[in-house]
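Protein sequence lines correspond, in order, to chains L and X.
Under the working numbering, the first residue of the first sequence is numbered 453, with each subsequent residue one higher.
Under the working numbering, the first residue of the second sequence is numbered 13, with each subsequent residue one higher.
Here a beta-carbon is modelled for each residue, glycine too, at the ideal position from N, C-alpha and C.
Owing to the predicted nature of the structure, the values given are computational and were not obtained by experimental measurement.
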Amino acid sequence: AQTVTQSQPEMSVQEAETVTLSCTYDTSESDYYLFWYKQPPSRQMILVIRQEAYKQQNATENRFSVNFQKAAKSFSLKISDSQLGDAAMYFCAYRSADSADGLTFGKGTHLIIQP
Amino acid sequence: GAGVSQSPSNKVTEKGKDVELRCDPISGHTALYWYRQRLGQGLEFLIYFQGNSAPDKSGLPSDRFSAERTGESVSTLTIQRTQQEDSAVYLCASSLGRGNSYEQYFGPGTRLTVT
């Protein structure tokens, strides 16, 4: 079974600064997808960014980018120019390429933005 | 258009009672997923539907849990003889299809408290 580990329960960053959230995973599969989701207090999960394991190029979405290290099984999220609206829980998630099952999530990192 | 909706938003029930949680997916989404999120934890995948068929029910925590879906619309998650350990937020997600190329859109969840 796959596991996803987020070792930082909480992170704090000054507004406009850059922060990196860590995620590692364990799998024996070679083809899979990785995701970062944001969960604000409203509880609604929002997809931030997605990475296909077969792609070497790191995914980027505006201020959000990932550092995907397949050999190390590491998938960190970098948020540049942090904004107050970025404050939320962030979850890393994994899904097999050939699976129709749901996502496997880490326990999350609570991101605090200091004004 | 309307997103995924769930009802009730919050439910408090006494131990031993049955509860029914409802999910209305985005219109046209054939795949539907149920997750459980315990306090301070990531999401735990429970079950998915492709149309009204649930090929794999092994993710349901116990035989007290069951789920149904009517066609490609509403789904209900039923918990019989609730226990305090069932207290959690239950999240539903839907997607156009079941593959990884289809984003899962989440509802706001139902917070279940068993007293």
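The C-alpha of X:Q92 is placed about 43 Å away from the C-alpha of L:A524.
Using a Cβ distance threshold of 7 Å, X:E26 and X:T122 do not count as a contacting pair. The alpha-carbon separation between X:D68 and L:G554 amounts to approximately 11 Å. When CB distances to chain L are screened at a threshold of 9 Å, the residues of the region 52-65 of chain X falling below it are G52, Q53, G54, L55, E56, F57, L58, I59, Y60 and Q62, in chain order. Cβ-Cβ separation between L:E467 and L:S534: approximately 6 Å, consistent with a contact (criterion under 8 Å). Residue burial annotation: L:A540 is buried, with at least 16 other C-beta atoms found within 10 angstroms of its C-beta.
Shown here, X:Q53 sits in coil according to DSSP, grouped into three states, outside any helix or strand. In chain order, V500 and I501 place their CB closer than 8 Å to the CB of L:E513, counting only its own chain and leaving out the 5 sequence neighbours on each side. Residue contact with chain L for X:G109: absent (no Cβ-Cβ distance below 7 Å to any residue of chain L). Rounded to whole angstroms, the gap between the alpha carbons of L:I565 and L:V456 is 24 Å.
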